[in-house]
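Notes to accompany the following structure.
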Amino acid sequence: MKAPAGIFMAFAIFFCSHLNLYACDVCGCSVNANYFGILPQFSRNFAGIRYMSSSYKMRHTPTLFPQTNSKYYESLNRFEVWGRYFFTRRIVGYASVPYQYNVRKEQDHTSSSKGLSDLSILGHFILINTGDSGRFTYRNTLMLGGGIKFPSGRFSNNKPASIQTGTGTWDYSVNMIYTLRYKKVGANADATFRINTSNGDYSYGNRLISSLRFFYWGKAKATSFLLHAGCLSEYSARDRKYGIEQKFTGGNGYYISSGVDAYFRRISAGVSITLPIQEQLNSGFASTRSRSAVQVLYLF
Numbered sequence: 002m003k004a005p006a007g008i009f010m011a012f013a014i015f016f017c018s019h020l021n022l023y024a025c026d027v028c029g030c031s032v033n034a035n036y037f038g039i040l041p042q043f044s045r046n047f048a049g050i051r052y053m054s055s056s057y058k059m060r061h062t063p064t065l066f067p068q069t070n071s072k073y074y075e076s077l078n079r080f081e082v083w084g085r086y087f088f089t090r091r092i093v094g095y096a097s098v099p100y101q102y103n104v105r106k107e108q109d110h111t112s113s114s115k116g117l118s119d120l121s122i123l124g125h126f127i128l129i130n131t132g133d134s135g136r137f138t139y140r141n142t143l144m145l146g147g148g149i150k151f152p153s154g155r156f157s158n159n160k161p162a163s164i165q166t167g168t169g170t171w172d173y174s175v176n177m178i179y180t181l182r183y184k185k186v187g188a189n190a191d192a193t194f195r196i197n198t199s200n201g202d203y204s205y206g207n208r209l210i211s212s213l214r215f216f217y218w219g220k221a222k223a224t225s226f227l228l229h230a231g232c233l234s235e236y237s238a239r240d241r242k243y244g245i246e247q248k249f250t251g252g253n254g255y256y257i258s259s260g261v262d263a264y265f266r267r268i269s270a271g272v273s274i275t276l277p278i279q280e281q282l283n284s285g286f287a288s289t290r291s292r293s294a295v296q297v298l299y300l301f
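Numbered according to my numbering, the sequence shown terminates at residue 301, and the numbering increases by one at each position without gaps.
Below is the structure:
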């Protein structure tokens, strides 16, 4: 019992500690901002679709518009086909094929981008897994892994970085997920560090994303459901253009999230919403309005 508690405490300390880093501006958060969250039916494969939406309120920076404080809005929409497959009892892989539709609305102008975004693959090695065993009072799972994001989405210097459908770069990530469960309640900790490279002109800042969620398993007749709530944090280095650090990128964000997932036979459906607690994006020139996600999965 001491080992699971110790591992979970380490994740909690890691999550709650403030790191003295500059976080990405909104454009850094817009392209392929992946969260694992609480993954369903740990021992089973799945394939499905997911829709994620986020909206932001922005103010023009004084560098571009020194005489105005005009506001504008951005809506970022991501449609994704993704899946998970167990190659062995210890090795599991994930793949994602996303499509982006992003819109920026200003007072007298609207611009948008749409198209295939950056594909990604990721693999996990399962170090600890007692999640499916009835022999343990405290069931826990620890996974470590890494992934690659391919430059399949389009990046154009003629459009704002915040509404691009892709980064135009090969990016790499390392990830760890820990889940602790006691009967019908549990906690899930997730941390991902992503290394973003340059496309020759522009590079998004490296990112650190972490989350801590608590959940409850319930059942009503033939349907099981999972209620979850928790908090997230995001950090990253500032973006660079032609190797020069961009002044009005950077910031940090803390968020609360809640949602529900339902399971009926081989079908799973879920919805979640995320709201900001405290942010410092674009030196205060940007703020998150809301984020939401909906997904449907087929388990096999």
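In this text, a Cβ means the ideal position worked out from N, Cα and C, and glycines have one as well.
What you are looking at is a predicted structure, and each value in this text was computed from that prediction instead of being measured.
Beta strand (DSSP E) segment containing residue i, residue limits
i, result
"residue 125", "121 to 130"
"residue 171", "First-last for residue 171: undefined, no H or E at that position."
"residue 195", "186 to 196"
"residue 262", "252 to 265"
"residue 78", "72 to 87"
"residue 108", "Taken as a continuous stretch (DSSP letters only), residue 108 belongs to no beta strand (DSSP E), as it is neither H nor E."
"residue 142", "139 to 150"
Same chain only: Cβ atoms within 6 Å of residue i, ignoring 5 sequence neighbours per side
i, result
"residue 105", "75, 112 and 164"
"residue 209", "194 and 236"
"residue 259", "230"
"residue 219", "226"
"residue 98", "82 and 120"
"residue 180", "142 and 189"
"residue 246", "239"
"residue 54", "78 and 293"
"residue 306", "The structure shown has nothing for residue 306, since the chain only spans 2 to 301."
Check whether residue i and residue j have beta carbons under 8 Å apart
i, j, result
"residue 1", "residue 117", "Coverage of the chain is limited to positions 2 through 301, which leaves residue 1 absent and any answer about it impossible."
"residue 301", "residue 90", "no"
"residue 273", "residue 254", "no"
"residue 280", "residue 293", "no"
"residue 242", "residue 203", "yes"
"residue 86", "residue 107", "no"
"residue 140", "residue 182", "yes"
"residue 82", "residue 50", "yes"
"residue 286", "residue 59", "yes"
"residue 321", "residue 155", "The structure shown does not extend to residue 321, since the chain spans only 2 to 301, so no value can be given for it."
"residue 47", "residue 298", "yes"
"residue 52", "residue 295", "yes"
Short CB-CB distance (under 8 Å) between residue i and chain B
i, result
"residue 125", "Note that chain B does not occur in the displayed structure, where there is just one protein chain."
Burial state of residue i (16 or more Cβ within 10 Å)
i, result
"residue 174", "buried"
"residue 267", "exposed"
"residue 283", "buried"
"residue 150", "buried"
"residue 216", "buried"
"residue 191", "buried"
"residue 162", "buried"
"residue 138", "exposed"
"residue 77", "buried"
"residue 244", "exposed"
"residue 187", "buried"
"residue 176", "buried"
"residue 291", "exposed"
Sequence-distant residues of its chain with Cβ nearer than 8 Å to residue i (five each side left out)
i, result
"residue 124", "92, 93, 94, 95, 146, 147 and 148"
"residue 224", "263, 264 and 265"
"residue 115", "100, 101, 102, 103 and 166"
"residue 207", "194, 195, 196, 197, 237 and 238"
"residue 127", "90, 91, 92, 93, 142, 143 and 144"
"residue 171", "149, 150, 151, 152 and 198"
"residue 160", "112 and 114"
"residue 185", "217, 218 and 219"
Three-state secondary structure (DSSP) of residue i
i, result
"residue 283", "helix"
"residue 204", "strand"
"residue 223", "coil"
"residue 163", "helix"
"residue 180", "strand"
"residue 249", "coil"
"residue 48", "strand"
"residue 154", "coil"
"residue 241", "strand"
"residue 308", "Since the first residue of the chain shown is 2 and the last is 301, residue 308 is not available in this structure."
"residue 61", "coil"
"residue 269", "strand"
"residue 216", "strand"
"residue 199", "coil"
"residue 91", "coil"
"residue 293", "strand"
"residue 118", "coil"
Proximity test, residue i beta-carbon vs the ligand SAH heavy atom, cut-off 7 Å
i, result
"residue 48", "With respect to small molecules bound, the structure shown includes none, and the ligand SAH cannot be examined in it."
Cβ-based neighbour list, residue i, same chain, cut-off 7 Å, excluding 5 preceding and 5 following
i, result
"residue 88", "94"
"residue 130", "142"
"residue 278", "255, 256 and 257"
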